[in-house]
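K.L.:
Okay, structure coming up:
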(Lines of atoms letter the chains of each structure in order from A and count residues from 1; the text may use other names and numbers.)
(Lines give C-alpha, C1' and ligand atoms only; values in the text may rest on other atoms or scores of the structure.)
Protein backbone atom coordinates (compact mmCIF):
# COMPACT_ATOMS: atom_id res chain seq x y z
CA UNK A 1 0.00 0.00 0.00
CA UNK A 2 2.91 2.35 0.72
CA UNK A 3 4.31 1.66 -2.75
CA UNK A 4 0.89 2.44 -4.24
CA UNK A 5 0.85 5.78 -2.38
CA UNK A 6 4.39 6.66 -3.46
CA UNK A 7 3.57 6.09 -7.14
CA UNK A 8 0.51 8.34 -6.78
CA UNK A 9 2.47 11.11 -5.08
CA UNK A 10 5.84 10.97 -6.86
CA UNK A 11 5.07 9.68 -10.35
CA UNK A 12 1.39 10.26 -11.13
CA UNK A 13 0.93 13.74 -9.66
CA UNK A 14 4.52 14.89 -8.94
CA UNK A 15 3.64 16.46 -5.60
CA UNK A 16 5.96 19.34 -4.73
CA UNK A 17 6.70 21.42 -1.65
CA UNK A 18 3.89 23.89 -1.01
CA UNK A 19 1.25 22.04 -3.05
CA UNK A 20 -2.34 21.98 -1.84
CA UNK A 21 -3.38 18.34 -2.30
CA UNK A 22 -7.03 17.21 -2.29
CA UNK A 23 -7.54 13.50 -1.56
CA UNK A 24 -11.08 12.23 -2.12
CA UNK A 25 -12.09 8.78 -0.92
CA UNK A 26 -15.21 6.61 -0.76
CA UNK A 27 -16.12 3.98 1.84
CA UNK A 28 -13.13 1.76 2.46
CA UNK A 29 -10.06 3.51 1.08
CA UNK A 30 -8.97 5.33 4.22
CA UNK A 31 -5.90 3.12 4.73
CA UNK A 32 -4.59 4.15 1.31
CA UNK A 33 -5.75 7.75 1.83
CA UNK A 34 -3.74 7.91 5.07
CA UNK A 35 -0.64 6.53 3.31
CA UNK A 36 -1.04 9.18 0.61
CA UNK A 37 -1.55 11.81 3.34
CA UNK A 38 1.74 10.81 4.97
CA UNK A 39 3.68 10.79 1.70
CA UNK A 40 2.29 14.21 0.73
CA UNK A 41 3.23 15.60 4.15
CA UNK A 42 6.80 14.28 3.87
CA UNK A 43 7.25 16.38 0.73
CA UNK A 44 6.26 19.63 2.41
CA UNK A 45 2.82 19.78 0.79
CA UNK A 46 -0.57 20.26 2.48
CA UNK A 47 -3.01 17.32 2.19
CA UNK A 48 -6.75 17.32 2.85
CA UNK A 49 -9.01 14.24 2.85
CA UNK A 50 -12.65 14.58 1.77
CA UNK A 51 -15.00 11.57 1.95
CA UNK A 52 -17.84 10.70 -0.41
CA UNK A 53 -19.52 7.59 1.08
CA UNK A 54 -21.54 5.67 -1.50
CA UNK A 55 -24.63 5.65 0.74
CA UNK A 56 -24.46 9.44 1.03
CA UNK A 57 -24.24 9.72 -2.75
CA UNK A 58 -27.22 7.39 -3.09
CA UNK A 59 -29.14 9.40 -0.51
CA UNK A 60 -28.53 12.58 -2.48
CA UNK A 61 -29.95 11.13 -5.68
CA UNK A 62 -32.90 9.42 -3.99
CA UNK A 63 -33.99 12.27 -1.71
CA UNK A 64 -33.09 15.54 -3.42
CA UNK A 65 -36.10 17.29 -5.02
CA UNK A 66 -35.83 17.46 -8.80
CA UNK A 67 -35.33 21.23 -8.90
CA UNK A 68 -32.27 20.99 -6.62
CA UNK A 69 -30.44 18.21 -8.49
CA UNK A 70 -28.76 20.84 -10.66
CA UNK A 71 -27.80 23.27 -7.87
CA UNK A 72 -24.10 24.03 -8.27
CA UNK A 73 -21.97 23.19 -5.16
CA UNK A 74 -19.99 26.43 -4.97
CA UNK A 75 -18.25 25.44 -1.74
CA UNK A 76 -16.77 22.28 -3.25
CA UNK A 77 -15.90 24.11 -6.47
CA UNK A 78 -13.82 26.63 -4.51
CA UNK A 79 -12.04 23.79 -2.69
CA UNK A 80 -11.13 22.08 -5.97
CA UNK A 81 -10.12 25.39 -7.51
CA UNK A 82 -7.75 26.13 -4.60
CA UNK A 83 -6.04 22.73 -4.92
CA UNK A 84 -2.92 22.09 -7.00
CA UNK A 85 -3.33 18.31 -7.02
CA UNK A 86 -6.39 16.03 -6.95
CA UNK A 87 -6.08 12.34 -6.03
CA UNK A 88 -9.29 10.30 -6.14
CA UNK A 89 -9.42 6.88 -4.45
CA UNK A 90 -12.26 4.63 -5.60
CA UNK A 91 -13.11 2.29 -2.71
CA UNK A 92 -16.82 1.52 -2.72
CA UNK A 93 -18.36 -0.97 -0.32
CA UNK A 94 -21.41 -1.36 -2.58
CA UNK A 95 -21.04 -1.28 -6.36
CA UNK A 96 -24.84 -1.40 -6.74
CA UNK A 97 -25.54 1.66 -4.58
CA UNK A 98 -26.85 3.67 -7.54
CA UNK A 99 -28.60 0.85 -9.41
CA UNK A 100 -32.09 2.05 -8.39
CA UNK A 101 -31.37 5.70 -9.22
CA UNK A 102 -32.86 7.13 -12.43
CA UNK A 103 -29.87 7.57 -14.81
CA UNK A 104 -31.35 10.88 -15.99
CA UNK A 105 -30.84 12.35 -12.51
CA UNK A 106 -27.20 11.27 -12.55
CA UNK A 107 -26.73 12.75 -16.04
CA UNK A 108 -28.34 16.04 -14.98
CA UNK A 109 -26.03 16.26 -11.98
CA UNK A 110 -22.97 15.49 -14.10
CA UNK A 111 -23.86 18.27 -16.54
CA UNK A 112 -24.56 20.72 -13.72
CA UNK A 113 -21.18 20.06 -12.08
CA UNK A 114 -19.14 19.87 -15.29
CA UNK A 115 -17.29 23.05 -14.31
CA UNK A 116 -15.75 21.15 -11.38
CA UNK A 117 -14.56 18.33 -13.65
CA UNK A 118 -13.13 20.91 -16.04
CA UNK A 119 -11.12 22.52 -13.23
CA UNK A 120 -9.76 19.15 -12.09
CA UNK A 121 -8.57 18.38 -15.63
CA UNK A 122 -6.40 21.51 -15.54
CA UNK A 123 -4.66 20.35 -12.36
CA UNK A 124 -2.28 17.48 -11.69
CA UNK A 125 -4.78 14.70 -11.05
CA UNK A 126 -5.06 10.94 -10.79
CA UNK A 127 -7.80 8.38 -10.17
CA UNK A 128 -6.91 5.06 -8.58
CA UNK A 129 -8.65 2.17 -6.81
CA UNK A 130 -8.22 0.54 -3.42
CA UNK A 131 -9.32 -3.13 -3.46
CA UNK A 132 -12.49 -3.83 -1.49
CA UNK A 133 -14.68 -6.88 -0.95
CA UNK A 134 -17.35 -5.34 -3.20
CA UNK A 135 -14.97 -4.97 -6.15
CA UNK A 136 -13.62 -8.48 -5.55
CA UNK A 137 -17.13 -9.91 -5.60
CA UNK A 138 -17.92 -8.11 -8.87
CA UNK A 139 -14.74 -9.54 -10.38
CA UNK A 140 -15.61 -13.04 -9.07
CA UNK A 141 -12.44 -13.29 -6.97
CA UNK A 142 -11.60 -13.64 -3.31
CA UNK A 143 -10.40 -10.43 -1.67
CA UNK A 144 -6.82 -11.78 -1.58
CA UNK A 145 -6.94 -12.70 -5.27
CA UNK A 146 -8.33 -9.28 -6.13
CA UNK A 147 -5.68 -7.49 -4.07
CA UNK A 148 -2.97 -9.41 -5.91
CA UNK A 149 -4.63 -8.57 -9.23
CA UNK A 150 -4.85 -4.84 -8.43
CA UNK A 151 -1.28 -4.50 -7.22
CA UNK A 152 0.04 -6.55 -10.14
CA UNK A 153 -1.43 -3.96 -12.49
CA UNK A 154 -0.51 -0.92 -10.37
CA UNK A 155 3.00 -1.61 -9.02
CA UNK A 156 4.73 -1.33 -12.37
CA UNK A 157 7.80 0.54 -13.65
CA UNK A 158 5.68 3.17 -15.38
CA UNK A 159 8.59 5.04 -16.91
CA UNK A 160 9.56 1.90 -18.87
CA UNK A 161 5.94 1.19 -19.77
CA UNK A 162 5.53 4.75 -20.99
CA UNK A 163 8.34 4.27 -23.51
CA UNK A 164 6.63 1.14 -24.89
CA UNK A 165 3.26 2.85 -25.16
CA UNK A 166 4.76 5.83 -26.98
CA UNK A 167 5.85 3.47 -29.76
CA UNK A 168 2.22 2.40 -30.22
CA UNK A 169 1.20 6.06 -30.18
CA UNK A 170 3.59 6.74 -33.07
CA UNK A 171 1.95 3.96 -35.10
CA UNK A 172 -1.54 5.26 -34.35
CA UNK A 173 -0.52 8.83 -35.22
CA UNK A 174 0.58 7.61 -38.67
CA UNK A 175 -2.60 5.60 -39.28
CA UNK A 176 -5.33 6.90 -41.60
CA UNK A 177 -8.08 4.29 -41.28
CA UNK A 178 -9.01 1.64 -38.74
CA UNK A 179 -11.16 -1.36 -39.58
CA UNK A 180 -12.37 -3.74 -36.88
CA UNK A 181 -13.60 -7.13 -38.07
CA UNK A 182 -14.87 -9.91 -35.82
CA UNK A 183 -17.95 -11.74 -34.62
CA UNK A 184 -20.95 -9.67 -35.76
CA UNK A 185 -18.53 -6.77 -36.23
CA UNK A 186 -17.34 -4.83 -39.25
CA UNK A 187 -16.60 -1.23 -38.32
CA UNK A 188 -14.60 1.40 -40.19
CA UNK A 189 -13.39 4.79 -39.00
CA UNK A 190 -10.81 7.38 -39.95
CA UNK A 191 -8.29 8.62 -37.38
CA UNK A 192 -6.26 10.61 -39.91
CA UNK A 193 -4.84 13.75 -38.35
CA UNK A 194 -6.07 12.85 -34.87
CA UNK A 195 -3.61 12.59 -31.98
CA UNK A 196 -3.18 9.42 -29.95
CA UNK A 197 -2.86 9.86 -26.18
CA UNK A 198 -0.77 7.66 -23.89
CA UNK A 199 -2.33 6.74 -20.55
CA UNK A 200 0.86 5.89 -18.68
CA UNK A 201 -0.54 6.17 -15.12
CA UNK A 202 -0.27 9.94 -14.90
CA UNK A 203 -4.06 10.35 -14.66
CA UNK A 204 -5.24 6.77 -14.10
CA UNK A 205 -3.50 4.24 -11.88
CA UNK A 206 -3.29 1.62 -13.26
CA UNK A 207 -2.45 3.05 -16.65
CA UNK A 208 -1.94 1.01 -19.79
CA UNK A 209 -3.92 2.40 -22.70
CA UNK A 210 -3.28 4.32 -25.90
CA UNK A 211 -6.39 6.00 -27.27
CA UNK A 212 -7.50 8.43 -29.93
CA UNK A 213 -10.72 9.87 -31.33
CA UNK A 214 -12.15 9.02 -34.75
CA UNK A 215 -13.29 11.69 -37.16
CA UNK A 216 -16.97 11.65 -36.14
CA UNK A 217 -18.59 11.48 -39.59
CA UNK A 218 -16.26 8.68 -40.72
CA UNK A 219 -17.64 5.91 -38.48
CA UNK A 220 -19.59 3.33 -40.50
CA UNK A 221 -20.73 -0.23 -39.85
CA UNK A 222 -21.65 -2.47 -36.95
CA UNK A 223 -19.95 -3.54 -33.75
CA UNK A 224 -20.81 -6.22 -31.18
CA UNK A 225 -19.41 -6.19 -27.64
CA UNK A 226 -18.85 -9.65 -26.16
CA UNK A 227 -18.18 -8.16 -22.70
CA UNK A 228 -20.84 -6.18 -20.81
CA UNK A 229 -20.77 -2.45 -20.26
CA UNK A 230 -21.29 -1.48 -16.61
CA UNK A 231 -22.95 1.86 -15.87
CA UNK A 232 -24.51 3.14 -12.63
CA UNK A 233 -24.12 -0.34 -11.11
CA UNK A 234 -26.04 -2.03 -13.94
CA UNK A 235 -24.76 -4.38 -16.64
CA UNK A 236 -25.69 -3.82 -20.27
CA UNK A 237 -24.95 -7.07 -22.10
CA UNK A 238 -24.64 -8.20 -25.72
CA UNK A 239 -24.53 -4.62 -26.97
CA UNK A 240 -24.82 -4.14 -30.73
CA UNK A 241 -24.39 -0.71 -32.30
CA UNK A 242 -24.86 0.26 -35.94
CA UNK A 243 -23.33 3.50 -37.20
CA UNK A 244 -24.23 5.46 -40.31
CA UNK A 245 -22.73 8.82 -41.16
CA UNK A 246 -20.94 8.79 -37.83
CA UNK A 247 -24.08 8.41 -35.70
CA UNK A 248 -25.66 5.46 -33.92
CA UNK A 249 -28.80 4.57 -35.88
CA UNK A 250 -29.52 1.28 -34.11
CA UNK A 251 -28.64 0.04 -30.61
CA UNK A 252 -29.70 -3.21 -28.98
CA UNK A 253 -28.81 -5.15 -25.84
CA UNK A 254 -30.05 -8.40 -24.32
CA UNK A 255 -30.11 -6.85 -20.83
CA UNK A 256 -30.87 -3.27 -19.74
CA UNK A 257 -31.59 -1.98 -23.23
CA UNK A 258 -33.56 0.91 -21.70
CA UNK A 259 -30.41 2.06 -19.91
CA UNK A 260 -28.45 1.82 -23.17
CA UNK A 261 -31.07 3.99 -24.86
CA UNK A 262 -30.94 6.58 -22.06
CA UNK A 263 -27.15 6.75 -22.31
CA UNK A 264 -27.32 7.30 -26.07
CA UNK A 265 -29.95 10.02 -25.61
CA UNK A 266 -28.01 11.93 -22.91
CA UNK A 267 -27.04 14.76 -25.28
CA UNK A 268 -26.21 15.47 -28.93
CA UNK A 269 -22.73 13.96 -28.70
CA UNK A 270 -23.89 10.69 -27.16
CA UNK A 271 -24.78 9.18 -30.53
CA UNK A 272 -21.22 9.55 -31.82
CA UNK A 273 -18.09 7.52 -31.22
CA UNK A 274 -15.70 9.52 -29.07
CA UNK A 275 -12.85 7.11 -28.41
CA UNK A 276 -10.96 4.18 -29.90
CA UNK A 277 -8.42 2.69 -27.51
CA UNK A 278 -5.97 -0.20 -27.25
CA UNK A 279 -5.17 -1.81 -23.89
CA UNK A 280 -1.52 -2.57 -23.07
CA UNK A 281 -1.45 -3.55 -19.37
CA UNK A 282 -0.39 -7.22 -19.28
CA UNK A 283 -1.11 -7.35 -15.53
CA UNK A 284 -4.81 -7.03 -16.36
CA UNK A 285 -5.62 -10.46 -17.74
CA UNK A 286 -9.35 -10.78 -17.04
CA UNK A 287 -12.61 -8.84 -17.12
CA UNK A 288 -13.52 -7.32 -13.73
CA UNK A 289 -16.59 -5.16 -14.47
CA UNK A 290 -14.62 -2.00 -13.62
CA UNK A 291 -13.67 0.37 -16.43
CA UNK A 292 -10.49 1.56 -14.68
CA UNK A 293 -9.08 -1.92 -15.35
CA UNK A 294 -11.11 -3.40 -18.19
CA UNK A 295 -10.30 -0.76 -20.81
CA UNK A 296 -6.58 -1.37 -20.20
CA UNK A 297 -6.62 -5.16 -20.51
CA UNK A 298 -3.59 -6.23 -22.56
CA UNK A 299 -4.16 -6.99 -26.26
CA UNK A 300 -7.75 -5.69 -26.34
CA UNK A 301 -9.45 -2.71 -27.91
CA UNK A 302 -12.40 -0.69 -26.68
CA UNK A 303 -14.77 1.98 -27.95
CA UNK A 304 -16.55 4.74 -26.08
CA UNK A 305 -19.45 6.89 -27.19
CA UNK A 306 -19.82 10.54 -26.32
CA UNK A 307 -17.56 13.57 -26.21
CA UNK A 308 -13.98 13.04 -27.40
CA UNK A 309 -11.02 14.24 -25.34
CA UNK A 310 -9.64 17.58 -26.51
CA UNK A 311 -6.09 16.16 -26.45
CA UNK A 312 -7.06 13.88 -29.34
CA UNK A 313 -8.22 16.81 -31.43
CA UNK A 314 -11.90 16.00 -30.85
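Residue numbers (our numbering): 16 to 329. The beta carbon of each residue, even a glycine, is placed where N, CA and C say it ideally should be. A quick note: this is a predicted structure, and the numbers were derived from the prediction, not measured.
#1: I need the straight-line Cα distance from residue 159 to residue 22, nearest angstrom please.
#2: Comparing C-alpha positions only, which one of 291, 178, 211 and 268 sits nearest to residue 233?
#3: Checking the sheet assignment: what are the DSSP bridge partners for residue 317?
#4: To the nearest angstrom, how far is it from the Cα of residue 296 to the Cα of residue 168?
#5: So does residue 322 have its beta carbon nearer than 7 Å to some heavy atom of the ligand MN?
#6: Which word fits residue 145, buried or exposed, when buried means at least 16 other C-beta atoms lie within 10 angstroms of its C-beta?
#7: Under a three-way DSSP split, which group does residue 31 fall into?
#8: Return the residue from the list 255, 136 and 65 that minimises the CA-CA distance to residue 241.
#9: Only counting the same chain, and skipping five residues up and downstream in sequence, which positions put a Cβ closer than 7 Å to that of residue 284?
#10: Given residue 149, which residues of its chain have a CB within under 7 Å of its CB, disregarding the five upstream and five downstream residues?
#11: Going along the chain, which residues of its own chain have a beta-carbon closer than 7 Å to the beta-carbon of residue 235, five neighbours each way excluded?
#12: Are there three or more Cβ pairs, one per stretch, closer than 8 Å when the segment 263-281 is compared with the segment 192-211?
#13: Return the first residue and the last residue of the alpha helix (DSSP H) that residue 285 is part of.
#14: Drop a sphere of 10 angstroms on the beta-carbon of residue 224, count the other beta-carbons inside from all chains shown, and report buried for 16 or more, exposed for fewer.
P.N.:
Quick look at the numbers:
#1: As a first step, residue 159 is located in the chain shown; it is residue number 144 there, counting from the start. As a first step, residue 22 is located in the chain shown; it is residue number 7 there, counting from the start. One C-alpha to the other measures close to 21 Å.
#2: As a first step, residue 233 must be located in the chain shown, where it is residue number 218. With distances taken between Cα atoms, residue 233 lies closest to 291.
#3: Position 302 of the chain shown, counting from 1, holds the residue named residue 317. In DSSP, residue 317 forms a bridge with 292.
#4: Taking the chain shown and counting its residues from 1, the one referred to as residue 296 is at position 281. Taking the chain shown and counting its residues from 1, the one referred to as residue 168 is at position 153. Roughly 7 Å between the two C-alpha positions.
#5: As for the ligand MN, it is missing from this structure, which has no ligand bound.
#6: Looking up residue 145 in the chain shown gives position 130. Residue 145 comes out buried.
#7: The residue you call residue 31 lines up with position 16 of the chain shown. Looking at residue 31 - three-state DSSP - the assignment turns out to be coil, as it is neither helix nor strand.
#8: Here the question's residue 241 lines up with position 226 in the chain shown. Checked all of 255, 136 and 65; the closest Cα to residue 241 is 255.
#9: Position 269 of the chain shown, counted from the start, is the residue given in the question as residue 284. 321 and 322.
#10: Residue 149 sits at position 134 when you count from the first residue of the chain shown. These residues qualify, in order along the chain: 107, 108, 109 and 110.
#11: Residue 235 sits at position 220 when you count from the first residue of the chain shown. So the list reads 203, 258 and 259, once near-sequence residues are dropped.
#12: no
#13: Taking the first residue of the chain shown as position 1, residue 285 is located at position 270. Element bounds for residue 285: n/a, residue is neither H nor E.
#14: Walking along the chain shown from the start, residue 224 turns up at place 209. Counting Cβ neighbours within 10 Å, residue 224 comes out buried, since at least 16 surround it.
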